[in-house]
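To start, the structure itself, in C-alpha coordinates.
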Amino acid sequence: LGAAEAVLLSECGSEVLQSLRPHYSALVAIADLATGNPHLRSFLRMVAQLQVRADAAEREAHHWRSRCNAVEVQLQQARTDGEALQERMGLQHRQGEDLRAQLEAAGRSREGADVEHRKNEERLNSDLERCRAEVLRLGAQGMAQSQALASEQAAMLASSHEINRLRVELEVVGTMGRQQAAALEAARRQAAGADLSAEHAAQERVRVEALLKHATREQHEELMVATEAATAEAAKLRRRVDGGREELQGVRRVLASTEALVAEVQTISPCTNAAAEFLRDGESPAAQLANGPPPLAAGGPAPVRIPVLALRWAPGVTLDTTPIMRAIRAEGVYGMFHQLQTGARVPEQVELTVCCANGHWFCAREEEANRFAALLLYQALHRDAPVSATCRVGSPHAMMSQPPVEFTGLGVRSSGALWRTPPLSDEDFFKAFLTGSSLKE
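Using our numbering, the letters of the sequence shown correspond one by one to residues 62 to 502.
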(Lines of atoms letter the chains of each structure in order from A and count residues from 1; the text may use other names and numbers.)
(Lines give C-alpha, C1' and ligand atoms only; values in the text may rest on other atoms or scores of the structure.)
Protein backbone atom coordinates (compact mmCIF):
# COMPACT_ATOMS: atom_id res chain seq x y z
CA LEU A 1 0.00 0.00 0.00
CA GLY A 2 2.90 2.40 0.66
CA ALA A 3 4.30 1.91 -2.85
CA ALA A 4 0.86 2.54 -4.37
CA GLU A 5 0.45 5.79 -2.40
CA ALA A 6 3.93 6.88 -3.47
CA VAL A 7 3.06 6.20 -7.14
CA LEU A 8 -0.24 8.02 -6.71
CA LEU A 9 1.48 10.98 -5.04
CA SER A 10 4.18 11.17 -7.71
CA GLU A 11 1.77 10.96 -10.63
CA CYS A 12 -1.13 13.09 -9.33
CA GLY A 13 0.29 15.43 -6.71
CA SER A 14 -1.04 16.39 -3.30
CA GLU A 15 -3.49 19.06 -4.51
CA VAL A 16 -5.17 16.65 -6.95
CA LEU A 17 -5.37 13.95 -4.25
CA GLN A 18 -6.96 16.51 -1.91
CA SER A 19 -9.58 17.26 -4.57
CA LEU A 20 -10.17 13.50 -5.25
CA ARG A 21 -10.34 12.54 -1.57
CA PRO A 22 -13.81 10.87 -1.99
CA HIS A 23 -12.26 8.55 -4.64
CA TYR A 24 -8.98 7.95 -2.82
CA SER A 25 -9.48 4.18 -2.33
CA ALA A 26 -10.19 3.64 -6.01
CA LEU A 27 -7.15 5.69 -6.99
CA VAL A 28 -4.97 3.69 -4.56
CA ALA A 29 -6.20 0.46 -6.16
CA ILE A 30 -5.38 1.76 -9.63
CA ALA A 31 -1.97 2.96 -8.38
CA ASP A 32 -1.31 -0.50 -6.95
CA LEU A 33 -1.97 -1.98 -10.37
CA ALA A 34 0.08 0.75 -12.05
CA THR A 35 3.25 -0.06 -10.12
CA GLY A 36 4.55 -2.11 -12.99
CA ASN A 37 2.22 -0.85 -15.73
CA PRO A 38 3.30 2.43 -17.45
CA HIS A 39 -0.08 2.74 -19.21
CA LEU A 40 -1.91 2.97 -15.92
CA ARG A 41 0.65 5.53 -14.70
CA SER A 42 -0.16 7.56 -17.83
CA PHE A 43 -3.83 7.16 -17.00
CA LEU A 44 -3.21 8.51 -13.48
CA ARG A 45 -1.34 11.49 -14.93
CA MET A 46 -4.24 12.13 -17.33
CA VAL A 47 -6.70 11.90 -14.41
CA ALA A 48 -4.55 14.42 -12.52
CA GLN A 49 -4.46 16.77 -15.49
CA LEU A 50 -8.22 16.41 -15.96
CA GLN A 51 -8.77 17.16 -12.27
CA VAL A 52 -6.51 20.22 -12.50
CA ARG A 53 -8.49 21.41 -15.54
CA ALA A 54 -11.74 20.65 -13.76
CA ASP A 55 -10.62 22.67 -10.71
CA ALA A 56 -9.55 25.51 -12.96
CA ALA A 57 -12.84 25.28 -14.87
CA GLU A 58 -14.76 25.30 -11.60
CA ARG A 59 -12.88 28.36 -10.42
CA GLU A 60 -13.50 29.98 -13.79
CA ALA A 61 -17.16 28.98 -13.62
CA HIS A 62 -17.40 30.48 -10.14
CA HIS A 63 -15.76 33.65 -11.41
CA TRP A 64 -18.07 33.84 -14.36
CA ARG A 65 -21.06 32.98 -12.18
CA SER A 66 -20.28 35.99 -9.98
CA ARG A 67 -19.74 38.05 -13.13
CA CYS A 68 -23.05 36.80 -14.51
CA ASN A 69 -24.82 37.73 -11.29
CA ALA A 70 -23.35 41.21 -11.51
CA VAL A 71 -24.25 41.37 -15.18
CA GLU A 72 -27.79 40.20 -14.36
CA VAL A 73 -28.06 43.02 -11.86
CA GLN A 74 -26.74 45.44 -14.49
CA LEU A 75 -29.08 43.88 -17.05
CA GLN A 76 -32.00 44.37 -14.72
CA GLN A 77 -30.94 47.97 -14.20
CA ALA A 78 -30.46 48.33 -17.94
CA ARG A 79 -33.89 46.80 -18.52
CA THR A 80 -35.37 49.31 -16.09
CA ASP A 81 -33.44 52.08 -17.83
CA GLY A 82 -34.54 50.67 -21.18
CA GLU A 83 -38.17 50.78 -20.14
CA ALA A 84 -37.68 54.36 -19.01
CA LEU A 85 -35.90 55.09 -22.29
CA GLN A 86 -38.74 53.44 -24.19
CA GLU A 87 -41.17 55.71 -22.42
CA ARG A 88 -38.95 58.67 -23.25
CA MET A 89 -38.61 57.38 -26.81
CA GLY A 90 -42.37 57.14 -27.03
CA LEU A 91 -42.63 60.69 -25.79
CA GLN A 92 -39.86 61.75 -28.17
CA HIS A 93 -41.62 59.86 -30.97
CA ARG A 94 -44.82 61.70 -30.29
CA GLN A 95 -42.90 64.94 -30.11
CA GLY A 96 -41.15 63.93 -33.33
CA GLU A 97 -44.51 63.38 -34.98
CA ASP A 98 -45.59 66.80 -33.81
CA LEU A 99 -42.31 68.27 -35.04
CA ARG A 100 -42.70 66.44 -38.36
CA ALA A 101 -46.12 67.97 -38.76
CA GLN A 102 -44.69 71.34 -37.84
CA LEU A 103 -41.82 70.84 -40.28
CA GLU A 104 -44.25 69.93 -43.03
CA ALA A 105 -46.20 73.08 -42.27
CA ALA A 106 -42.94 74.99 -42.14
CA GLY A 107 -41.92 73.49 -45.48
CA ARG A 108 -45.13 74.71 -47.05
CA SER A 109 -44.39 78.20 -45.78
CA ARG A 110 -40.66 78.11 -46.50
CA GLU A 111 -40.58 81.17 -48.68
CA GLY A 112 -42.43 83.19 -46.08
CA ALA A 113 -40.06 81.79 -43.46
CA ASP A 114 -37.09 82.86 -45.56
CA VAL A 115 -38.45 86.38 -45.69
CA GLU A 116 -39.09 86.25 -41.96
CA HIS A 117 -35.58 84.89 -41.44
CA ARG A 118 -34.08 87.81 -43.31
CA LYS A 119 -36.23 90.19 -41.33
CA ASN A 120 -35.11 88.50 -38.12
CA GLU A 121 -31.48 88.84 -39.18
CA GLU A 122 -32.01 92.51 -39.91
CA ARG A 123 -33.86 92.90 -36.62
CA LEU A 124 -31.04 91.10 -34.77
CA ASN A 125 -28.45 93.37 -36.33
CA SER A 126 -30.52 96.42 -35.52
CA ASP A 127 -31.02 95.11 -31.96
CA LEU A 128 -27.28 94.61 -31.67
CA GLU A 129 -26.65 98.17 -32.83
CA ARG A 130 -29.36 99.41 -30.50
CA CYS A 131 -27.86 97.42 -27.61
CA ARG A 132 -24.47 98.95 -28.27
CA ALA A 133 -25.98 102.42 -28.41
CA GLU A 134 -27.94 101.61 -25.25
CA VAL A 135 -24.73 100.48 -23.53
CA LEU A 136 -23.07 103.78 -24.43
CA ARG A 137 -26.14 105.77 -23.42
CA LEU A 138 -26.50 103.91 -20.12
CA GLY A 139 -22.80 104.38 -19.45
CA ALA A 140 -23.11 108.14 -20.04
CA GLN A 141 -26.31 108.23 -17.98
CA GLY A 142 -24.61 106.30 -15.19
CA MET A 143 -21.74 108.79 -15.19
CA ALA A 144 -24.18 111.71 -15.16
CA GLN A 145 -26.17 110.14 -12.31
CA SER A 146 -22.94 109.48 -10.41
CA GLN A 147 -22.06 113.16 -10.80
CA ALA A 148 -25.60 114.16 -9.73
CA LEU A 149 -25.34 111.82 -6.74
CA ALA A 150 -22.03 113.40 -5.79
CA SER A 151 -23.53 116.89 -6.06
CA GLU A 152 -26.55 115.84 -3.95
CA GLN A 153 -24.23 114.38 -1.34
CA ALA A 154 -22.34 117.69 -1.33
CA ALA A 155 -25.65 119.55 -0.88
CA MET A 156 -26.59 117.20 1.95
CA LEU A 157 -23.23 117.85 3.60
CA ALA A 158 -23.83 121.61 3.21
CA SER A 159 -27.27 121.19 4.86
CA SER A 160 -25.64 119.33 7.73
CA HIS A 161 -23.18 122.20 8.13
CA GLU A 162 -26.12 124.64 8.08
CA ILE A 163 -27.89 122.66 10.82
CA ASN A 164 -24.74 122.72 12.92
CA ARG A 165 -24.45 126.48 12.34
CA LEU A 166 -28.06 126.99 13.48
CA ARG A 167 -27.39 124.93 16.57
CA VAL A 168 -24.37 127.12 17.34
CA GLU A 169 -26.52 130.23 16.87
CA LEU A 170 -29.12 128.71 19.22
CA GLU A 171 -26.43 128.21 21.83
CA VAL A 172 -25.24 131.80 21.26
CA VAL A 173 -28.81 133.07 21.74
CA GLY A 174 -29.09 131.05 24.95
CA THR A 175 -25.83 132.57 26.14
CA MET A 176 -27.10 136.02 25.28
CA GLY A 177 -30.33 135.30 27.23
CA ARG A 178 -28.31 134.27 30.23
CA GLN A 179 -26.23 137.42 29.87
CA GLN A 180 -29.46 139.51 29.73
CA ALA A 181 -30.70 137.70 32.82
CA ALA A 182 -27.44 138.58 34.57
CA ALA A 183 -27.82 142.19 33.44
CA LEU A 184 -31.38 142.15 34.79
CA GLU A 185 -30.15 140.89 38.10
CA ALA A 186 -27.52 143.61 38.16
CA ALA A 187 -30.15 146.23 37.35
CA ARG A 188 -32.33 144.84 40.13
CA ARG A 189 -29.47 145.10 42.56
CA GLN A 190 -28.68 148.57 41.30
CA ALA A 191 -32.30 149.57 41.74
CA ALA A 192 -32.29 148.17 45.25
CA GLY A 193 -29.02 150.01 45.97
CA ALA A 194 -30.50 153.25 44.64
CA ASP A 195 -33.38 152.85 47.13
CA LEU A 196 -36.10 152.62 44.46
CA SER A 197 -39.49 151.83 45.57
CA ALA A 198 -40.45 148.16 45.66
CA GLU A 199 -43.38 148.64 43.33
CA HIS A 200 -41.29 150.44 40.72
CA ALA A 201 -38.56 147.80 40.87
CA ALA A 202 -41.09 145.01 40.55
CA GLN A 203 -42.72 146.64 37.55
CA GLU A 204 -39.33 147.19 35.93
CA ARG A 205 -38.37 143.60 36.59
CA VAL A 206 -41.63 142.30 35.09
CA ARG A 207 -41.15 144.50 32.04
CA VAL A 208 -37.55 143.43 31.50
CA GLU A 209 -38.41 139.76 32.04
CA ALA A 210 -41.32 140.05 29.56
CA LEU A 211 -39.02 141.66 27.00
CA LEU A 212 -36.40 138.93 27.57
CA LYS A 213 -38.96 136.13 27.27
CA HIS A 214 -40.43 137.67 24.12
CA ALA A 215 -37.00 138.05 22.48
CA THR A 216 -35.97 134.57 23.54
CA ARG A 217 -39.28 133.06 22.28
CA GLU A 218 -38.96 134.76 18.91
CA GLN A 219 -35.35 133.65 18.46
CA HIS A 220 -36.26 130.11 19.59
CA GLU A 221 -39.18 129.99 17.16
CA GLU A 222 -36.96 131.24 14.33
CA LEU A 223 -34.33 128.63 15.16
CA MET A 224 -36.97 125.87 15.37
CA VAL A 225 -38.41 126.88 11.99
CA ALA A 226 -34.94 127.01 10.45
CA THR A 227 -34.07 123.62 12.03
CA GLU A 228 -37.29 122.02 10.76
CA ALA A 229 -36.72 123.46 7.27
CA ALA A 230 -33.13 122.20 7.26
CA THR A 231 -34.27 118.77 8.52
CA ALA A 232 -36.98 118.58 5.85
CA GLU A 233 -34.48 119.63 3.19
CA ALA A 234 -32.01 117.02 4.45
CA ALA A 235 -34.72 114.31 4.35
CA LYS A 236 -35.70 115.40 0.85
CA LEU A 237 -32.08 115.27 -0.26
CA ARG A 238 -31.71 111.87 1.41
CA ARG A 239 -34.76 110.56 -0.45
CA ARG A 240 -33.39 111.94 -3.70
CA VAL A 241 -30.03 110.30 -2.97
CA ASP A 242 -31.76 106.98 -2.20
CA GLY A 243 -33.84 107.25 -5.37
CA GLY A 244 -30.76 108.12 -7.39
CA ARG A 245 -28.91 105.18 -5.87
CA GLU A 246 -31.77 102.77 -6.71
CA GLU A 247 -31.98 104.15 -10.24
CA LEU A 248 -28.21 103.86 -10.60
CA GLN A 249 -28.37 100.24 -9.43
CA GLY A 250 -31.13 99.55 -11.96
CA VAL A 251 -29.04 101.16 -14.69
CA ARG A 252 -26.06 99.09 -13.63
CA ARG A 253 -28.16 95.90 -13.76
CA VAL A 254 -29.41 96.78 -17.24
CA LEU A 255 -25.86 97.67 -18.26
CA ALA A 256 -24.55 94.36 -16.87
CA SER A 257 -27.27 92.44 -18.73
CA THR A 258 -26.50 94.29 -21.94
CA GLU A 259 -22.77 93.73 -21.49
CA ALA A 260 -23.43 90.02 -20.91
CA LEU A 261 -25.53 89.93 -24.11
CA VAL A 262 -22.78 91.65 -26.10
CA ALA A 263 -20.16 89.33 -24.56
CA GLU A 264 -22.28 86.30 -25.52
CA VAL A 265 -22.60 87.60 -29.08
CA GLN A 266 -18.82 88.10 -29.20
CA THR A 267 -18.32 84.57 -27.85
CA ILE A 268 -20.61 83.03 -30.46
CA SER A 269 -19.18 85.07 -33.35
CA PRO A 270 -15.86 86.83 -32.57
CA CYS A 271 -15.60 87.98 -36.17
CA THR A 272 -18.63 90.26 -35.61
CA ASN A 273 -16.57 92.36 -33.18
CA ALA A 274 -13.99 93.16 -35.88
CA ALA A 275 -16.74 94.25 -38.29
CA ALA A 276 -18.32 96.47 -35.62
CA GLU A 277 -14.95 98.04 -34.75
CA PHE A 278 -14.34 98.78 -38.43
CA LEU A 279 -17.77 100.43 -38.82
CA ARG A 280 -17.19 102.60 -35.71
CA ASP A 281 -13.64 103.60 -36.69
CA GLY A 282 -13.89 106.93 -38.43
CA GLU A 283 -10.11 107.10 -38.95
CA SER A 284 -9.72 103.82 -40.87
CA PRO A 285 -8.15 104.06 -44.37
CA ALA A 286 -11.50 103.09 -45.93
CA ALA A 287 -13.37 105.79 -43.99
CA GLN A 288 -10.78 108.40 -44.98
CA LEU A 289 -11.15 107.46 -48.66
CA ALA A 290 -14.96 107.59 -48.39
CA ASN A 291 -15.12 110.92 -46.54
CA GLY A 292 -12.23 112.85 -48.04
CA PRO A 293 -11.09 113.65 -51.57
CA PRO A 294 -9.38 110.71 -53.29
CA PRO A 295 -5.58 110.97 -53.37
CA LEU A 296 -3.96 111.73 -56.69
CA ALA A 297 -2.12 108.52 -57.60
CA ALA A 298 -1.59 106.45 -60.70
CA GLY A 299 -4.30 103.82 -61.01
CA GLY A 300 -6.49 105.48 -58.39
CA PRO A 301 -6.35 105.16 -54.58
CA ALA A 302 -4.69 102.12 -53.05
CA PRO A 303 -6.95 99.20 -52.06
CA VAL A 304 -7.87 98.69 -48.42
CA ARG A 305 -8.84 95.71 -46.27
CA ILE A 306 -12.49 95.54 -45.15
CA PRO A 307 -14.17 92.74 -43.14
CA VAL A 308 -16.78 91.02 -45.32
CA LEU A 309 -19.35 91.16 -42.49
CA ALA A 310 -19.20 94.96 -42.71
CA LEU A 311 -20.26 94.88 -46.38
CA ARG A 312 -23.84 94.73 -47.71
CA TRP A 313 -25.53 93.74 -50.94
CA ALA A 314 -26.22 96.56 -53.36
CA PRO A 315 -29.82 97.27 -54.40
CA GLY A 316 -31.13 95.06 -57.21
CA VAL A 317 -28.35 92.46 -56.93
CA THR A 318 -29.46 88.82 -57.20
CA LEU A 319 -27.58 85.53 -56.98
CA ASP A 320 -27.98 82.29 -58.96
CA THR A 321 -27.17 79.44 -56.55
CA THR A 322 -27.90 76.55 -58.97
CA PRO A 323 -25.00 74.04 -58.70
CA ILE A 324 -24.00 73.82 -62.36
CA MET A 325 -20.58 73.47 -63.95
CA ARG A 326 -20.18 77.21 -64.41
CA ALA A 327 -20.78 77.75 -60.66
CA ILE A 328 -18.01 75.36 -59.60
CA ARG A 329 -15.38 76.75 -61.95
CA ALA A 330 -12.61 79.00 -60.67
CA GLU A 331 -14.71 82.20 -60.69
CA GLY A 332 -18.00 80.53 -59.74
CA VAL A 333 -19.40 80.92 -56.26
CA TYR A 334 -18.80 77.28 -55.28
CA GLY A 335 -15.43 77.04 -57.04
CA MET A 336 -14.11 80.15 -55.31
CA PHE A 337 -15.51 78.99 -51.96
CA HIS A 338 -13.76 75.62 -52.40
CA GLN A 339 -10.45 77.35 -53.19
CA LEU A 340 -10.79 79.49 -50.06
CA GLN A 341 -11.69 76.52 -47.89
CA THR A 342 -8.81 74.37 -49.13
CA GLY A 343 -6.25 77.19 -48.87
CA ALA A 344 -5.54 77.39 -52.59
CA ARG A 345 -6.66 81.00 -52.36
CA VAL A 346 -6.62 83.44 -49.44
CA PRO A 347 -9.37 86.02 -48.85
CA GLU A 348 -6.92 88.89 -49.38
CA GLN A 349 -6.51 87.77 -53.00
CA VAL A 350 -10.20 88.38 -53.71
CA GLU A 351 -10.83 91.95 -54.85
CA LEU A 352 -14.15 93.77 -54.52
CA THR A 353 -15.36 97.22 -55.50
CA VAL A 354 -17.14 98.90 -52.59
CA CYS A 355 -18.70 102.26 -51.80
CA CYS A 356 -20.21 103.97 -48.78
CA ALA A 357 -23.80 105.27 -48.92
CA ASN A 358 -26.06 106.37 -46.04
CA GLY A 359 -23.36 105.29 -43.58
CA HIS A 360 -23.30 101.69 -44.94
CA TRP A 361 -20.70 99.90 -47.04
CA PHE A 362 -22.01 98.11 -50.16
CA CYS A 363 -20.48 95.72 -52.68
CA ALA A 364 -21.02 98.00 -55.67
CA ARG A 365 -20.76 95.78 -58.76
CA GLU A 366 -23.24 93.04 -59.62
CA GLU A 367 -20.60 90.98 -61.50
CA GLU A 368 -18.68 90.60 -58.20
CA ALA A 369 -21.65 89.01 -56.41
CA ASN A 370 -20.10 85.51 -56.69
CA ARG A 371 -16.92 86.68 -54.98
CA PHE A 372 -18.84 88.37 -52.20
CA ALA A 373 -21.04 85.28 -51.69
CA ALA A 374 -17.99 82.97 -51.58
CA LEU A 375 -16.34 85.19 -48.96
CA LEU A 376 -19.53 85.18 -46.84
CA LEU A 377 -19.72 81.37 -47.10
CA TYR A 378 -16.09 81.10 -46.02
CA GLN A 379 -16.71 83.51 -43.13
CA ALA A 380 -19.73 81.45 -42.00
CA LEU A 381 -17.43 78.43 -41.56
CA HIS A 382 -14.74 80.48 -39.77
CA ARG A 383 -16.53 82.58 -37.17
CA ASP A 384 -13.46 82.56 -34.92
CA ALA A 385 -11.53 85.08 -37.04
CA PRO A 386 -12.60 87.97 -39.30
CA VAL A 387 -12.32 87.44 -43.06
CA SER A 388 -11.20 90.59 -44.88
CA ALA A 389 -11.22 91.21 -48.60
CA THR A 390 -9.09 93.58 -50.66
CA CYS A 391 -11.44 96.40 -51.65
CA ARG A 392 -11.20 99.36 -53.97
CA VAL A 393 -13.26 102.26 -52.67
CA GLY A 394 -15.40 103.96 -55.29
CA SER A 395 -18.24 106.45 -55.33
CA PRO A 396 -21.90 105.50 -54.75
CA HIS A 397 -22.52 106.19 -58.46
CA ALA A 398 -20.82 102.84 -59.19
CA MET A 399 -24.02 101.07 -58.09
CA MET A 400 -26.89 100.49 -60.49
CA SER A 401 -29.28 102.41 -58.24
CA GLN A 402 -28.85 104.47 -55.13
CA PRO A 403 -30.03 102.67 -51.97
CA PRO A 404 -32.88 104.34 -50.10
CA VAL A 405 -32.36 105.25 -46.46
CA GLU A 406 -34.44 102.30 -45.19
CA PHE A 407 -32.58 99.78 -47.39
CA THR A 408 -30.40 97.39 -45.32
CA GLY A 409 -28.73 95.16 -47.92
CA LEU A 410 -28.22 92.32 -45.41
CA GLY A 411 -29.82 89.69 -47.67
CA VAL A 412 -29.86 88.76 -51.35
CA ARG A 413 -32.61 87.24 -53.48
CA SER A 414 -32.13 84.15 -55.66
CA SER A 415 -32.87 84.48 -59.37
CA GLY A 416 -32.26 82.49 -62.53
CA ALA A 417 -32.32 79.14 -60.71
CA LEU A 418 -32.66 76.13 -63.05
CA TRP A 419 -34.42 74.08 -60.38
CA ARG A 420 -35.61 74.41 -56.81
CA THR A 421 -35.47 70.70 -56.02
CA PRO A 422 -32.89 68.47 -57.80
CA PRO A 423 -34.10 66.37 -60.76
CA LEU A 424 -34.96 62.82 -59.81
CA SER A 425 -33.02 61.01 -62.52
CA ASP A 426 -29.25 61.18 -62.85
CA GLU A 427 -29.52 61.96 -66.57
CA ASP A 428 -31.75 64.99 -66.01
CA PHE A 429 -29.52 66.17 -63.20
CA PHE A 430 -26.40 65.81 -65.35
CA LYS A 431 -28.08 67.67 -68.24
CA ALA A 432 -28.98 70.50 -65.87
CA PHE A 433 -25.43 70.42 -64.49
CA LEU A 434 -24.00 70.91 -67.99
CA THR A 435 -26.15 73.95 -68.73
CA GLY A 436 -24.07 76.64 -70.36
CA SER A 437 -21.23 74.23 -71.11
CA SER A 438 -20.02 73.03 -74.51
CA LEU A 439 -20.21 69.44 -73.24
CA LYS A 440 -23.99 69.56 -73.24
CA GLU A 441 -24.00 69.64 -77.02
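Just so you know, even glycine gets a beta-carbon here, dropped at the ideal spot from N, CA and C.
Inter-segment contact for the segment 124 to 142 and the segment 100 to 113 is absent: fewer than three beta-carbon pairs are separated by less than 8 Å. Membership of histidine 421 in the beta strand (DSSP E) is indicated by the continuous run 421 to 424. Beyond the five residues adjoining it in sequence on each side, alanine 351 comes within less than 7 Å, by CB distance, of Cys417 and Val454 in the same chain, given in chain order.
In the same chain as valine 234, and ignoring 5 residues on each side of it, the C-beta atoms closer than 8 Å to its own belong to Thr277, Gln280, His281 and Leu284, in chain order.
Contact holds between the segment 362 to 374 and the segment 457 to 477, because three or more Cβ pairs, one in each stretch, are under 8 Å apart. The criterion of a C-beta distance shorter than 8 Å is not satisfied by threonine 383 and leucine 485. Between the alpha carbons of arginine 432 and isoleucine 385 lies a gap of roughly 16 Å.
Per DSSP, cysteine 73 has no beta-bridge partner at all. With respect to the 8 Å criterion, glycine 497 and aspartate 381 are not classified as neighbours on the basis of their beta carbons. The DSSP-derived three-state label of tryptophan 125 is helix. In the structure shown, serine 103 adopts helical secondary structure according to DSSP, grouped into three states.
Of the candidates Leu189, Ala287, Glu270 and Leu316, the residue whose Cα lies closest to the Cα of valine 229 is Ala287.
Distance from the CA of valine 176 to the CA of alanine 205, rounded to the nearest whole angstrom, comes to 42 Å.
Minimum Cα-Cα distance from methionine 107 among the listed residues Asn130, Gly74, Cys424 and Met150 corresponds to Gly74.
Serine 220 is classed as buried because its beta carbon has at least 16 other beta carbons within 10 Å across all chains shown. Shown here for glutamate 294: same chain residues with a beta carbon closer than 6 Å to its own, the five before and five after excluded, namely Ser220 in chain order. In the structure shown, serine 86 adopts helical secondary structure according to DSSP, grouped into three states. For glutamate 488, the enclosing alpha helix (DSSP H) has its first and last residue at 487 to 494. In the displayed model, valine 415 falls within a strand according to three-state DSSP. Contact between the segment 179 to 199 and the segment 322 to 337 is present, with at least three C-beta pairs closer than 8 Å. Scanning Glu172, Pro447 and Arg426 for the CA closest to the CA of leucine 436 turns up Pro447.
CA-CA distance, glycine 173 to alanine 215, rounds to 60 Å.
The criterion of a C-beta distance shorter than 8 Å is satisfied by alanine 425 and threonine 414. The beta carbon of arginine 366 sits closer than 6 Å to the beta carbons of Ser449 from its chain, once the five residues preceding and following it are set aside; these are given in chain order.
Rounded to the nearest angstrom, the gap between the Cα atoms of histidine 222 and isoleucine 329 is 55 Å. The closest CA to that of serine 212, considering only Ala118, Ala434, Leu298 and Pro83, is found on Leu298. Linking glutamine 79 to alanine 131 through their CA atoms gives a straight-line distance of about 31 Å. In the three-state scheme derived from DSSP, where H, G and I count as helix and E and B as strand, isoleucine 367 is classed as strand. Here alanine 139 carries a helix assignment [DSSP, helix/strand/coil]. The DSSP-derived three-state label of leucine 437 is helix. Exclusion of the five residues before and after alanine 291 leaves Ser220, Glu223, Ile224 and Leu227 as the residues of its chain whose Cβ lies within less than 8 Å of its Cβ. Counting C-beta pairs closer than 8 Å gives fewer than three between the segment 299 to 306 and the segment 238 to 246, which falls short of the contact rule. The alpha-carbon separation between arginine 313 and valine 326 amounts to approximately 20 Å. By the CB criterion at 8 Å, tyrosine 439 and leucine 500 fall outside the cutoff. In the three-state reduction of the DSSP assignment, alanine 391 falls in the coil class. Here alanine 321 is exposed, its C-beta having fewer than 16 other C-beta atoms within 10 Å.
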